[in-house]
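Student: Chains as they are written, first to last, in my numbering: chain G, 17 to 490; chain F, 20 to 360. Next up is a structure, given as structure tokens.
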């Protein structure tokens, strides 16, 4: 919320209509992303658990599916409810953008709705209500369809958003965007890296979400064995995912540097290009000032920015002053948002390797584990890390693209709808109120599900044990 | 092909909207009914909506995105100038979805049931006002800049209330297909619903006949002079058939099927009135179409997917209508996570 306020404060220089429309999209998008982050991850966790159950017959895997699906269902329901306004807001609050860029944006959103969202919604019903009604294989298939639908959904959305960052494969005819090369537009320079960075963000966030809940249970000594096993699975996944995500973040920044140099300069508060044969230094903290087009002060580390951007000691990095002032994004928000995200990313890497070390020292065994209270305490507080890092990443991505809505093609101020200020302010207030209560209710019910714990008496019903749907019908 | 595509998309889009109104409309209608019954009856009515309300709602998401992709200018123009009704629909659906989620978690069940019903009512009225806003402003050259509240007038209220009552009727018809403990209660809503639907429909038709100047365009085309009254008569026939079928000893699917047919014909009637306009009578289908390349590619990305969606939704509906054979030893379904002692 602090960040939302700063964003609102920052953009309040613009006209009220744009401020309201931007604030509303920021509020709805930031709250919304909370839930897809864990539904994408949990859906694959449940696929894994159900697959293990079908393979080994170990009923504990079944109990995991049933336990996590309860949280999944809550998150999914709010995720969908909070997502519907995003689609319609393009029309209600960004109608000029909708008219101008509908050929790309509408196209991708329609693909998303038809190919993935409908699939997910239909098979979710089988997944939730199908226990005892369909055979095991069919249930597993429904589970896979839910996970596949959620992931495909993320792909189309990221493809649309990436096109706003690095538009490609289009021409402007009759005052609107026309796609001339579909492959270039859908797989624009940013699509694959943005999608993988986001997809792994959901996996990483879910790893920490699940591991934190496991840690809480282990600390309390509730079903230690059951949760310790899952915690270790999360660790193994974390060894791969957390460093990979750092690498993908770096690759993502490379794309930004290549295609949106002004955004990169803002992320690094880098005002003037370093002359040839000198190095660009990396600001750890800074006080950027748009008035003077420089940092009032900064703590800098030499060489690092050249190395990060150009992979050389003396690579030149374009500075913000190379862009006209009216084309410069705000600096402070991308700068600090980026730093917080990076810090959180490395914190998660550290946590995983710390736990790994403990594991090697045999401190993660059923008898010894609950003794290390502080370790589990810290891990249970790691629950929001992934969420926070993702929020920061999206703030950097979207604020850094300003003043453009489609980079280099359409300005944000030209995109907004001629909606009356009072109507827009009212809807913004209602959205904020409703989304805050969604978050509150989500936390309340998730806590309760966790506190109620796993029902260790749960066992698959007889119908679940059969393999074929057809047998079931007879 | 170029001139054919926009019309194809117009009819596909209409089809999606009819599907949304038929499937989700009945869900919304039952939600509204839950507001009107005694407290202890509410949970039963909401339970009767069934697990597929959620898949039904996806048709709105698909239709919205299709409108965005195939007719981007109309998408922007309609939603931004009908901002308040659009927000009513969005907020209504959001509140409904979240309430449906939490009403099974023991605490505050009464609150969530109420929120569910209110969400349904607001969403149903919102969709009615969206339609009414389009139909009652035929003089404007553009919808932009004619005020936040222009859509609110006596006729639009009548259309919106009519839409809500149509939802109630449809929802009631879906319930009386099978005799259950709810039948006597629902029967009342069915009876009033269908009577009011007919009455509002007749009033609107008379208003159209005595239409203000802009609607003269409707009667200036000779084919409409025949088509519009004909469709109106067929609609009345469907509603009458639905009514007489419901009076049989075992009504079965009859009332529901005829109500759905009536609703589909009404949609056809609306299309007959506004065609070839999407925003009557200022923006034609061609005026607001997206470039040919997009409409062509969407044919593959969305068009051919539609039958597949319908196919698996029918499958899912069949699966869920099966009785639960053997529920797990404990825990029940996820939908009722706390139902076990």
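Think of the CB as a built atom: it goes at the ideal place given N, C-alpha and C, for glycine as much as any other residue.
1. First and last residue of the alpha helix (DSSP H) that includes residue 363 of chain G?
2. Which residue's Cα is closest to the Cα of residue 278 of chain G: G:393, G:340 and G:95?
3. Which two residues bound the contiguous alpha helix (DSSP H) that contains residue 248 of chain G?
4. Which one of F:118, F:145 and F:87 has the shortest CA to CA distance from residue 89 of chain G?
5. With three or more beta-carbon pairs closer than 8 Å as the criterion, would you say the region 50 to 60 of chain F touches the region 27 to 40 of chain F?
6. What number of angstroms, rounded off, separates the C-alpha of residue 171 of chain F from the C-alpha of residue 242 of chain G?
7. So which residues of chain F does residue 211 of chain G contact, with C-beta pairs closer than 9 Å?
8. Provide the residue span of the alpha helix (DSSP H) that contains residue 59 of chain G, from first to last.
9. Helix, strand or coil for residue 300 of chain F per DSSP?
10. Report the neighbours of residue 96 of chain G on chain F: residues whose CB is nearer than 7 Å to its CB, in chain order.
11. Can you confirm whether the region 29 to 41 of chain G touches the region 430 to 440 of chain G when touching is taken to mean that 3 or more C-beta pairs between the two stretches lie within less than 8 Å?
12. Is the shortest distance between the beta-carbon of residue 464 of chain G and the beta-carbons of chain F less than 9 Å?
13. To which residues does DSSP link residue 426 of chain G through a beta bridge?
14. Name the one or two DSSP bridge partners that residue 186 of chain G has.
15. Considering only the alpha carbon of each residue, which of G:237, G:171, G:226 and G:193 lies closest to residue 207 of chain G?
16. Note down the Cα distance separating residue 108 of chain F from residue 143 of chain F, rounded to an integer number of angstroms.
17. Helix, strand or coil for residue 299 of chain G? Go by DSSP, reduced to three states.
18. Is residue 110 of chain G close to chain F? Criterion is C-beta to C-beta, closer than 9 Å.
19. Can you give me the Cβ contacts of residue 74 of chain F inside the same chain, cut-off strictly under 7 Å, excluding the 5 residues immediately before and after it?
20. Scan the region 175 to 189 of chain F for residues whose Cβ lies nearer than 8 Å to a Cβ of chain G and list them as they occur along the chain.
21. Taking DSSP's pairing of strands, which residues face residue 245 of chain F in a bridge?
22. Is the Cβ-Cβ distance between residue 396 of chain G and residue 228 of chain G less than 9 Å?
23. Going along the chain, which residues of its own chain have a beta-carbon closer than 8 Å to the beta-carbon of residue 264 of chain G, five neighbours each way excluded?
24. Can the beta-carbon of residue 16 of chain G be found less than 9 Å from the beta-carbon of residue 139 of chain G?
25. Hey, does residue 350 of chain F have any beta-carbon neighbour from chain G nearer than 9 Å?
26. Using a Cβ distance threshold of 8 Å, determine whether the region 177 to 193 of chain F contacts the region 202 to 217 of chain F, with at least three qualifying pairs required.
27. Run through DSSP, which three-state label would residue 389 of chain G get?
28. Between the Cα of residue 121 of chain F and those of G:461, G:226 and G:415, spot the shortest distance and give me the residue it belongs to.
29. Taking the alpha-carbon of residue 148 of chain F as reference, which of F:166, F:131, F:175 and F:32 has the nearest alpha-carbon?
30. Spatial neighbours of residue 244 of chain F within its chain, please: C-beta separation below 7 Å, excluding the five flanking residues on both sides.
31. Taking a cut of 8 Å between CB atoms, which residues from the region 195 to 225 of chain G lie near chain F?
32. May I ask which residues mark the beginning and end of the alpha helix (DSSP H) holding residue 65 of chain F?
33. Please report the distance separating the alpha-carbon of residue 291 of chain G from that of residue 98 of chain F.
34. For a quick check, are the C-beta atoms of residue 94 of chain F and residue 308 of chain F less than 9 Å apart?
35. What residues from the region 292 to 307 of chain F come within 8 Å of chain G, judged by C-beta to C-beta, listed N to C?
36. Taking only beta-carbon atoms, is residue 90 of chain G less than 9 Å away from chain F?
Tutor: So, from the listed chains and residues:
1. Taking the first residue of the first chain as position 1, residue 363 of chain G is located at position 347. DSSP places residue 363 of chain G in the uninterrupted alpha helix (DSSP H) bounded by 348 to 376.
2. In the first chain, the residue the question calls residue 278 of chain G occupies position 262. If we check each option's Cα against that of residue 278 of chain G, G:340 comes out closest.
3. Against the first chain, residue 248 of chain G aligns to sequence position 232. Under the DSSP assignment, residue 248 of chain G falls in the alpha helix (DSSP H) whose first and last residues are 240 to 275.
4. Indexing the first chain from 1 puts residue 89 of chain G at position 73. Per the Cα distances, F:118.
5. Between the region 50 to 60 of chain F and the region 27 to 40 of chain F, the count of Cβ pairs shorter than 8 Å is below three; the stretches do not touch.
6. Taking the first residue of the second chain as 1, we reach residue 171 of chain F at position 152. Taking the first residue of the first chain as 1, we reach residue 242 of chain G at position 226. Cα to Cα, the separation comes out at about 59 Å.
7. For the purposes of this step, residue 211 of chain G is identified with residue 195 of the first chain, where counting begins at 1. The contacting residues do not exist; residue 211 of chain G stays about 17 Å from chain F at best.
8. Position 43 of the first chain, counting from 1, holds the residue named residue 59 of chain G. Segment 32 to 72, the alpha helix (DSSP H) holding residue 59 of chain G.
9. Mapped onto the second chain, residue 300 of chain F falls at position 281. Coil at residue 300 of chain F, not helix or strand.
10. On the first chain, position 80 is the one that residue 96 of chain G refers to. The contacting residues are 116.
11. Enough Cβ pairs lie closer than 8 Å, so yes.
12. Translated into positions along the first chain, residue 464 of chain G becomes position 448. Yes, its Cβ sits closer than 9 Å to a Cβ of chain F.
13. Here residue 426 of chain G corresponds to residue number 410 of the first chain, with the count starting at 1. In the DSSP output, where bridge partners are listed per residue, residue 426 of chain G has G:422.
14. In the first chain, residue 186 of chain G corresponds to position 170, counting from 1. According to DSSP, residue 186 of chain G bridges with G:195.
15. For the purposes of this step, residue 207 of chain G is taken as residue 191 along the first chain, with counting starting at 1. Per the Cα distances, G:171.
16. Position 89 of the second chain, counted from the first residue, corresponds to residue 108 of chain F. Position 124 of the second chain, counted from the first residue, corresponds to residue 143 of chain F. So the two alpha carbons sit approximately 7 Å from each other.
17. Taking the first residue of the first chain as position 1, residue 299 of chain G is located at position 283. Residue state, collapsed to three classes: strand.
18. For the purposes of this step, residue 110 of chain G is identified with residue 94 of the first chain, where counting begins at 1. So yes, residue 110 of chain G belongs to the interface.
19. Against the second chain, residue 74 of chain F aligns to sequence position 55. Once the five neighbours on either side are set aside, the close Cβ partners of residue 74 of chain F are 332 and 335.
20. For the region 175 to 189 of chain F, which is checked against every Cβ of chain G, not one residue is closer than 8 Å.
21. One-based indexing of the second chain puts residue 245 of chain F at position 226. Note: residue 245 of chain F sits in no beta bridge, so no partner.
22. Start at 1 with the first residue of the first chain, and residue 396 of chain G comes out as number 380. Start at 1 with the first residue of the first chain, and residue 228 of chain G comes out as number 212. Their beta carbons are under 9 Å apart, which means residue 396 of chain G touches residue 228 of chain G by this criterion.
23. In the first chain, residue 264 of chain G corresponds to position 248, counting from 1. Excluding sequence neighbours, residue 264 of chain G sits near 209, 212, 213 and 216.
24. As shown, chain G starts at 17 and ends at 490. That puts residue 16 of chain G outside it, with no answer to give.
25. For the purposes of this step, residue 350 of chain F is identified with residue 331 of the second chain, where counting begins at 1. Bear in mind that a pLDDT of 41 at residue 350 of chain F, under 50, signals an unreliable position, so the number given afterwards is only what the model happens to contain. Chain G contact via Cβ: present.
26. Taking a contact to require three or more Cβ pairs closer than 8 Å, the region 177 to 193 of chain F and the region 202 to 217 of chain F qualify as touching.
27. Stepping through the first chain from its first residue, residue 389 of chain G is reached at position 373. In this structure, residue 389 of chain G counts as helix in the three-state DSSP scheme.
28. Within the second chain, the letter at position 102 stands for residue 121 of chain F. The option with the nearest alpha carbon to residue 121 of chain F is G:461.
29. Counted from its first residue, the second chain places residue 148 of chain F at position 129. Among F:166, F:131, F:175 and F:32, the Cα nearest to that of residue 148 of chain F is on F:175.
30. The count along the second chain starts at 1 and reaches residue 244 of chain F at position 225. Excluding sequence neighbours, residue 244 of chain F sits near 238.
31. Going along the region 195 to 225 of chain G in chain order, one finds 195, 196 and 198 with a Cβ nearer than 8 Å to chain F.
32. Counting from 1 along the second chain, the entry for residue 65 of chain F is found at position 46. That run of the alpha helix (DSSP H) goes 61 to 66.
33. Sequence index remark: in the first chain, residue 291 of chain G carries index 275 (1-based). Sequence index remark: in the second chain, residue 98 of chain F carries index 79 (1-based). In a straight line, the C-alpha of residue 291 of chain G is about 51 Å away from that of residue 98 of chain F.
34. Residue 94 of chain F sits at position 75 when you count from the first residue of the second chain. Residue 308 of chain F sits at position 289 when you count from the first residue of the second chain. No, they are not a contact pair.
35. For the region 292 to 307 of chain F, the beta-carbon criterion of a distance under 8 Å to any beta-carbon of chain G is satisfied by none of its residues.
36. Sequence index remark: in the first chain, residue 90 of chain G carries index 74 (1-based). Yes - at least one Cβ of chain F is within 9 Å of the one on residue 90 of chain G.
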